[in-house]
Amino acid sequence: MTATMSASEITLFRDNVKRFITENVSPDFMQWEKAEIFPRTLWNEMGEAGLLCVDLPEEFGGCGASFRCASVVAEELSRAGLAGVATSYAVHAYIVANYVLNSGSDKQKQKYLAKMASGECIGAIAMTEPGTGSDLQGIITTAKAVGDDYIINGSKTFITNGQHCDVVIVAAKTNEQGGAKGLSLFLVDCDTKGFQRGSNLDKIGLHCADTSEMFFDNVRVPKSAMLGKLDKGFMVLMNELQRERLSLAIGSVCATEGILAETINYVKDRKAFGKPIAALQNTRFKIAEMATDVRIHRAFIDQCMDNYEKATLSIEDVSMAKYACSEMQGRVVDYCLQLHGGYGYMTEYPVARAFVDARVQRIYGGTSEIMLELISRSVLA
Ligand SMILES: Cc1cc2nc3c(=O)[nH]c(=O)nc-3n(C[C@H](O)[C@H](O)[C@H](O)COP(=O)(O)OP(=O)(O)OC[C@H]3O[C@@H](n4cnc5c(N)ncnc54)[C@H](O)[C@@H]3O)c2cc1C
C-alpha cells in the first residue's frame, strides 16, 4: 500500500476491511453496545489485520497510505452502522496518531507510533473540560514548569477512548495570561502517578465507545512530554481540527448511505393497505429526496477529500462539510426512522441505533453553531 494507490487497489483494501468487519466486529457488536464498551482485544486484532494507522509512514508501522485510503476503515464501520467503533477508531488512528506524527519529536514518534499501529498503545485527546468545550481558550487545566518537569492539574470530560487509552494528549494552560497563546499540549502516559480516569459515561448513543472524565492531580511529566512548542498548542489544535472535521463529515455521509440502503430494503418489504409501503407516493418521494440529499453531500466531501490531499482545503470548506453533512445525517436518519413506523423506535432495529448515534455528530469536533461561526467569518470577510 502506498500514497499513490490506484482506485482498484483502494477497492481491494475496502473489501478486506469489509471482511474484517463482518468477521470480527458485527457478530458481537450488540453485546458490546449493551456492555457499553468493546473489548480491548479488538484494538490488537485491528492492529494485527493492518487496519490501524495505515497512513503512518512505514518506518512507524503504517503503510504510508493516502488520507483517502486510510479513511476507508472508518467509512465502512460507519456505513455498517457500527458508529461506536468508528468513533473510537477515528480518534485513535486519524487524530491522535497524526498529532504525534505531525507535531511530535523524533523520540515521541519512536516511543508511540509503531505501538499505536499495532494496537499496543491506544490514544485519546483531552481538550474539553467540565466548564468549557467550544471555547478552548477557556481551559483551566494548568501545566506549571518545575525544574525539568511540568506539573499538570485539572480535569477533562467527554474523552473518547477514556477507558482504553494508554496515552492521552492533554491541552493545558502554560501561560495563564496568554489566552489562545498560552496553551500547550502534553503526551501523558496513563500510568503516570496522579492521573485518574473517571467512570465510563452513560450516553444516549455510541454505546460501545468508551467516554470518560479524566483527573490530573499533580501529574508530573518531563519537559520532553510536550507535544509541539511551548504556548503553541492552540495552533496545533486548529491545524489538526481540519482533518478531524473532514473525517466527521465523511462519517456522516457513510452512516447515512448505510441507513438509507437499509431503509430502502425495509420499505420494499413492509406492507400496508395490501402493498409494500415503497409503493406509496409519499415513501417514494421521501426516498428520492433523501437519496438526492446524500448524493449532493457525497459529491462535496469527495471534492473536500481531493483538496485535503492537495493541502488546499480551506477552513470555510471543511466547516461547511462538517456542518452540512452532520445536519443532513440528522435530517435523513430521522425520516428513515419514520418510515420504519413503530419498529423504528425499537432498539433492535439498526435505524433506532443510527438515530441516537447520529445526534452527536452535530456536537463533537465543533458544534454546528461553531461551524456556522467559522463559515460566517469567512463569507462575510
Ligand atoms: C460522545 C462525545 C465524545 C466526545 N469526545 C471528545 C474527545 O475525545 N475529546 C475532547 O476533548 N472532547 C470530546 N467531546 C466534547 C465535544 O467536543 C464538546 O462537547 C463540544 O465541543 C461542545 O462543547 P460543550 O459540550 O462544552 O458545549 P458548549 O460549548 O457549552 O456549548 C453549548 C451550546 O452553546 C453553543 N455555543 C457555544 N459557543 C457558541 C458561539 N460562539 N456561538 C454560538 N453558539 C455557541 C453550542 O453550539 C452549543 O449549542 C466529546 C463529546 C461527546 C458528546
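Just so we're aligned: the sequence shown equals residues 55 to 435 in the working numbering.
Glycine included, every Cβ here is placed at the ideal spot set by N, Cα and C.
{"Item": "Contacting residues, own chain, Cβ-Cβ under 6 angstroms from Trp-86 (five flanking each side not counted)", "Value": "Phe-92, Cys-262"}
{"Item": "Short Cβ contact (9 angstroms threshold) for Ala-225 with Leu-241", "Value": "no"}
{"Item": "Cβ pair count under 8 angstroms reaching 3, the region 217-234 against the region 277-296", "Value": "yes"}
{"Item": "Backbone CA spacing between Val-307 and Gly-201 [nearest angstrom]", "Value": "49 angstroms"}
{"Item": "Closer than 8 angstroms: Glu-87 CB and nearest ligand 1 heavy atom", "Value": "no"}
{"Item": "Pair within 9 angstroms by beta-carbon distance, Met-170 and Cys-123", "Value": "no"}
{"Item": "Given Leu-239 as reference, the closest of Ser-380, Ile-369, Pro-276 once Cα atoms are compared", "Value": "Pro-276"}
{"Item": "Option nearest Gly-173 by Cα separation, candidates His-218, Glu-381, Ala-333, Met-344", "Value": "His-218"}
{"Item": "Proximity test, Ser-172 beta-carbon vs ligand 1 heavy atom, cut-off 8 angstroms", "Value": "no"}
{"Item": "Selected residue, minimal CA-CA separation from Glu-63, among Ser-120, Glu-99, Gly-101, Asn-98", "Value": "Ser-120"}
{"Item": "Presumed contact (8 angstroms Cβ cut-off) between Gly-420 and Leu-295, rounded CB distance", "Value": "7 angstroms"}
{"Item": "Supposed contact pair Leu-291 and Met-181 - C-beta distance, whole angstroms, cut 8 angstroms", "Value": "7 angstroms"}
{"Item": "C-beta atoms of Leu-300 and Met-359 nearer than 9 angstroms", "Value": "yes"}
{"Item": "Residue ranges of each beta strand (DSSP E) within the region 224-277, 3 or longer", "Value": "237-243, 249-254, 265-276"}
{"Item": "Cβ-based burial, Leu-434 [other Cβ within 10 Å; buried from 16]", "Value": "exposed"}
{"Item": "Per-residue burial, Ala-375 [other beta carbons within 10 Å of its own, 16 or more giving buried]", "Value": "buried"}
{"Item": "Under the three-state DSSP convention, the category Thr-196 falls into", "Value": "strand"}
{"Item": "Nearest residue (CA-CA) to Tyr-362, options Gly-115, Ile-304, Lys-227", "Value": "Ile-304"}
{"Item": "Which of helix, strand or coil DSSP assigns to Gly-177", "Value": "strand"}
{"Item": "Strand pairing of Asn-207, partner residues [DSSP]", "Value": "Thr-196"}
{"Item": "Assigned secondary structure, Thr-186 (DSSP; H/G/I helix, E/B strand, else coil)", "Value": "strand"}
{"Item": "Same chain, Cβ closer than 7 angstroms to Leu-110, neighbours up to 5 away in sequence not counted", "Value": "Gly-116, Ala-151, Leu-155, Leu-167, Ala-171"}
{"Item": "Pick from Leu-255, Lys-163, Thr-76 that is closest to Ser-278, judged by C-alpha positions", "Value": "Lys-163"}
{"Item": "Close-in-space but distant-in-sequence residues of the same chain around Gly-395 (CB under 8 angstroms, 5 per side omitted)", "Value": "Arg-324"}
{"Item": "Contact test: Asn-293 Cβ vs ligand 2 heavy atom, cutoff 8 angstroms", "Value": "Looking for ligand 2 in the displayed structure turns up nothing; the ligands present are ligand 1."}
{"Item": "Own chain, CB closer than 7 angstroms to Ala-178, minus 5 neighbours either side, in chain order", "Value": "Val-145, Val-150, Ile-213, Thr-214, Asn-215, Gly-216, Cys-219, Val-222"}
{"Item": "Rounded distance between the beta-carbons of Glu-298 and Thr-211, thought under 8 angstroms", "Value": "Incorrect: roughly 18 angstroms between the Cβ atoms, too far for contact."}
{"Item": "Run of the alpha helix (DSSP H) containing Pro-404, from where it starts to where it stops", "Value": "404-413"}
{"Item": "Distance, Ser-125 Cα to Phe-67 Cα", "Value": "11 angstroms"}
{"Item": "Cβ shell of Ile-355 (< 8 angstroms), same chain only, five flanking positions each side left out", "Value": "Leu-300, Ala-303, Ile-304, Val-307, Ala-375, Cys-379"}
{"Item": "Residues sharing a beta bridge with Thr-214, DSSP", "Value": "Thr-265"}
{"Item": "Through-space distance from Thr-337 to Asp-82, alpha-carbon basis", "Value": "33 angstroms"}
{"Item": "Residues that Val-222 bridges to, as DSSP identifies them", "Value": "Ala-178, Val-242"}
{"Item": "Closest residue to Met-382 among Leu-367, Glu-99, Ile-206, His-351 (Cα-Cα distance)", "Value": "His-351"}
{"Item": "Close beta carbons around Pro-330, own chain, < 8 angstroms, minus the five adjacent residues each side", "Value": "Val-321, Lys-322, Asp-323, Arg-324"}
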